[in-house]
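Protein chains in written order, with the working numbering: chain G, 287 to 498; chain P, 287 to 498; chain A, 287 to 498; chain W, 287 to 498.
Don't be surprised by glycine CBs; every beta carbon is placed ideally from N, CA and C.
One structure is given here, and the rest of the page talks about it.
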């Protein structure tokens with residue numbers, strides 16, 4: 287039994303390492319299709335010609351980065367892994383692997399449908415991640431002890447946050463106004479407040495259990 | 287001697303990490319040759335033009351994912367590694383590294399011979415994996431204590447399952463009927479039943495040994 | 287509390303593994319756009335035609351290598367990680383991911399503006415790394431116990447060294463004189479002396495604290 | 287002091303993980319420039335058109351695999367790492383990163399000079415690896431306790447073996463005779479005998495020391 291527990295922890299460990307490697311490769315491949323222009327005169331012209339590609343790179347890098355952070359945070363609350371989590375995590379990684387393609391679409395076309403496809407993919411990754419977390423925490427019993435409210439709060443945060451952040455970033459970049467960035471700052475500030483409240487609520491029953 | 291045991295466990299650890307990295311890179315490279323079409327009008331047209339590539343990507347992602355799960359499960363039952371396992375595992379990874387190429391073949395041609403080459407490669411990877419497991423468990427004495435029946439059962443599952451899954455997926459995709467998916471569901475259900483029975487049979491003599 | 291400390295150490299561990307993977311991919315992708323020339327006669331002609339690409343590869347490999355060593359050294363002095371360090375480290379990796387592109391720029395154009403962009407990127411990576419270290423050591427309280435002087439010394443070394451090394455390398459390569467290499471040797475020798483002095487100064491108060 | 291020993295062991299650990307990642311990426315990138323031919327009729331024609339590429343892939347995969355095994359074996363005998371080993375290991379990895387390029391050269395030209403460059407690169411990687419080992423074991427004092435004879439034996443094996451294996455493989459492939467493969471079998475058999483003798487010689491004085 288203890289041997290089994292050890293194995294399931296090992297399973298989680300290997301799942302996380304594999305995911306990290308996929309994240310790292312996806313984030314590094316984002317730049318692989320960016321090539322310098324053939325003709326350019328001076329640094330300003332170079333950046334002028336490449337600005338769409340560099341901006342798409344920056345956005346996608348931020349997206350993968352946010353997902354990596356989100357993945358690290360949620361999976362650090364798991365204690366074990368099982369075969370279903372393997373599959374759900376793979377589905378999320380499979381969508382993530384399409385991000386370099388969507389990034390290329392974004393800078394080549396730059397049209398509204400391209401942005402739609404891009405935001406749709408980012409949202410789909412978030413939903414797939416949320417499904418994996420929801421299974422692990424609510425059905426699979428794979429998480430550390432935490433209240434159902436906290437599990438659902440994490441679920442919603444994981445499902446909605448990346449799509450929201452991505453949309454706000456686009457708003458800032460397209461309208462060339464700081465509203466998107468301010469919105470992100472507001473979301474981050476609000477979340478850190480809610481985070482603390484949820485953590486306190488989660489700590490209270492735990493303390494009671496410890497007292498009992 | 288204990289130092290040696292420690293080293294062989296370290297060897298296995300490094301073998302697994304290296305394999306995981308190759309799996310992660312192979313799975314992420316599957317999308318690298320997919321580029322958006324030059325001309326497209328609206329999201330529906332975009333997906334229409336890219337459907338073959340996306341389908342080939344999905345199938346190959348599933349194949350690598352299944353192999354990764356299979357690798358994780360079998361190697362979690364090993365205790366040590368040796369030089370022969372290094373070579374056999376490398377042979378399997380060498381075939382796996384050709385999967386992006388076979389995926390490209392699949393979406394570019396889409397003909398029956400291309401599908402044949404693809405399924406052939408998937409089957410070859412499964413056989414190479416089975417050879418590695420067979421050596422490790424039956425000849426190299428590298429596995430944790432388990433009955434010979436269970437070792438052979440794992441061998442057959444590793445050798446046949448991925449090729450079968452891949453064929454059933456193709457059947458579903460090509461005939462556009464749910465029979466392939468139903469077949470996969472049936473195989474998974476059947477296997478989980480056999481898995482439990484084999485585990486019980488394996489546990490019984492172990493308990494007897496523990497009693498004795 | 288102990289559980290939390292363990293989690294923050296795990297966080298740092300995963301942050302380092304992820305960064306290592308990005309470093310490894312970035313360093314290996316440097317050569318991916320280098321292809322052999324179509325026509326060449328004999329080995330000397332081959333190297334003659336490829337010398338700019340190989341030199342750019344060597345320089346960029348050295349740059350990523352130096353940053354990896356620098357990252358390894360500074361992060362080995364951290365005890366924990368937090369969300370801000372995640373973001374700052376990601377910003378550094380995002381700049382690092384552009385190095386294959388800047389390398390291509392370097393060998394294709396080879397002009398002074400290309401070298402300027404390249405050195406600018408290398409310097410920007412160093413500054414981003416320094417910001418991450420500065421936050422972790424001076425504001426986030428994430429480092430092992432060390433004096434503020436030592437923290438600032440590490441900060442300056444991290445911020446300035448890679449840009450300096452890169453500039454000296456360019457000077458050697460462009461002027462085809464050994465002055466740049468000699469400069470690097472001088473910097474390395476000087477640093478190892480300062481390193482020892484700072485280590486001694488850092489050890490002294492620690493010893494006093496231990497005595498008290 | 288103990289903290290320092292722990293750090294140096296961590297250093298070695300991170301050095302090995304980084305090297306593994308580079309090995310894994312280099313081995314997976316070998317196939318990235320292989321594309322299916324545009325026109326082909328039947329499986330036999332496909333393999334006929336692709337045989338040079340697949341053969342070059344197989345040889346290079348074997349080369350990287352042999353180096354990975356060699357790296358794993360030698361570094362498993364180290365206890366710690368230092369800054370010089372970082373640099374020497376990076377130099378080896380920098381040469382390894384050129385192998386996909388040399389592989390492309392091999393299948394595109396297939397001429398004697400191309401084979402010469404390829405074998406030259408393989409030999410250079412072996413020599414760089416040997417320099418790293420020689421420094422670590424003979425000068426840096428980074429290895430586990432072992433006799434100087436054994437250190438030098440490992441040095442020679444690391445320096446000469448990969449180039450020899452690669453040459454014998456080429457001989458087999460180019461002359462289409464089994465002599466190269468037989469030569470490899472002979473080398474492997476001979477080495478395993480010498481390995482055992484050296485291990486026994488190394489064990490003898492260790493036992494004497496333990497007795498004293």
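Could you check whether residue j and residue i sit closer than 9 angstroms to each other, using their CB atoms as the reference points?
{"i": "residue 412/P", "j": "residue 459/P", "result": "no"}
{"i": "residue 314/A", "j": "residue 315/W", "result": "yes"}
{"i": "residue 555/A", "j": "residue 415/A", "result": "The structure shown does not extend to residue 555/A, since chain A is modelled only from 287 through 498, so no value can be given for it."}
{"i": "residue 322/G", "j": "residue 336/G", "result": "yes"}
{"i": "residue 311/G", "j": "residue 376/A", "result": "no"}
{"i": "residue 357/W", "j": "residue 305/W", "result": "yes"}
{"i": "residue 439/G", "j": "residue 473/G", "result": "no"}
{"i": "residue 370/P", "j": "residue 426/P", "result": "yes"}
{"i": "residue 456/W", "j": "residue 469/W", "result": "no"}
{"i": "residue 386/W", "j": "residue 332/A", "result": "no"}
{"i": "residue 301/G", "j": "residue 372/G", "result": "yes"}
{"i": "residue 317/P", "j": "residue 383/G", "result": "yes"}
{"i": "residue 307/P", "j": "residue 475/W", "result": "no"}
Is any beta-carbon of chain W found at less than 9 angstroms from that of residue i?
{"i": "residue 324/P", "result": "no"}
{"i": "residue 314/A", "result": "yes"}
{"i": "residue 328/A", "result": "yes"}
{"i": "residue 320/P", "result": "no"}
{"i": "residue 358/A", "result": "yes"}
{"i": "residue 303/A", "result": "yes"}
So, under 8 angstroms CB-CB, residue i and residue j are touching, yes? Tell me the CB distance rounded to an integer number of Å.
{"i": "residue 374/W", "j": "residue 418/W", "result": "4 angstroms"}
{"i": "residue 401/W", "j": "residue 407/W", "result": "The Cβ separation is near 11 angstroms, so there is no contact."}
{"i": "residue 350/G", "j": "residue 309/G", "result": "6 angstroms"}
{"i": "residue 319/G", "j": "residue 390/G", "result": "5 angstroms"}
Return no unless some Cβ of chain P is closer than 9 angstroms to the Cβ of residue i.
{"i": "residue 466/G", "result": "no"}
{"i": "residue 383/G", "result": "yes"}
{"i": "residue 311/W", "result": "yes"}
Name the residue from the options whose alpha carbon lies nearest to the alpha carbon of residue i.
{"i": "residue 444/G", "options": "310/G, 481/G, 388/G", "result": "481/G"}
{"i": "residue 381/G", "options": "404/G, 369/G, 360/G, 365/G", "result": "404/G"}
{"i": "residue 362/G", "options": "402/G, 479/G, 298/G, 330/G", "result": "298/G"}
{"i": "residue 365/G", "options": "383/G, 428/G, 476/G", "result": "428/G"}
{"i": "residue 395/A", "options": "326/G, 347/G, 345/G", "result": "326/G"}
{"i": "residue 409/A", "options": "442/A, 317/A, 478/A", "result": "442/A"}
{"i": "residue 294/W", "options": "367/W, 476/W, 360/W", "result": "367/W"}
{"i": "residue 397/W", "options": "329/A, 475/A, 291/A, 348/A", "result": "329/A"}
{"i": "residue 486/P", "options": "436/P, 462/P, 430/P, 360/P", "result": "436/P"}
{"i": "residue 290/W", "options": "347/A, 430/A, 343/A, 292/A", "result": "430/A"}
{"i": "residue 347/W", "options": "296/W, 461/W, 388/W", "result": "388/W"}
Should residue i be flagged as near chain G, meaning a C-beta pair shorter than 9 angstroms?
{"i": "residue 430/A", "result": "no"}
{"i": "residue 297/A", "result": "yes"}
{"i": "residue 435/P", "result": "no"}
{"i": "residue 403/A", "result": "yes"}
{"i": "residue 453/A", "result": "no"}
{"i": "residue 293/A", "result": "yes"}
{"i": "residue 397/P", "result": "no"}
{"i": "residue 387/A", "result": "yes"}
{"i": "residue 457/A", "result": "no"}
With a threshold of 9 angstroms between beta carbons, is residue i in contact with chain A?
{"i": "residue 307/W", "result": "yes"}
{"i": "residue 449/W", "result": "no"}
{"i": "residue 353/G", "result": "no"}
{"i": "residue 332/G", "result": "yes"}
{"i": "residue 317/G", "result": "yes"}
{"i": "residue 343/G", "result": "yes"}
Of all the alpha helix (DSSP H) runs that stay within the bounds of the region 311 to 385 of chain G, which reach a length of 4 or more residues?
328 to 361, 369 to 382
Ignoring anything shorter than 4 residues or poking outside the region 395 to 464 of chain G, list the alpha helix (DSSP H) runs there in chain order.
398 to 420, 434 to 461
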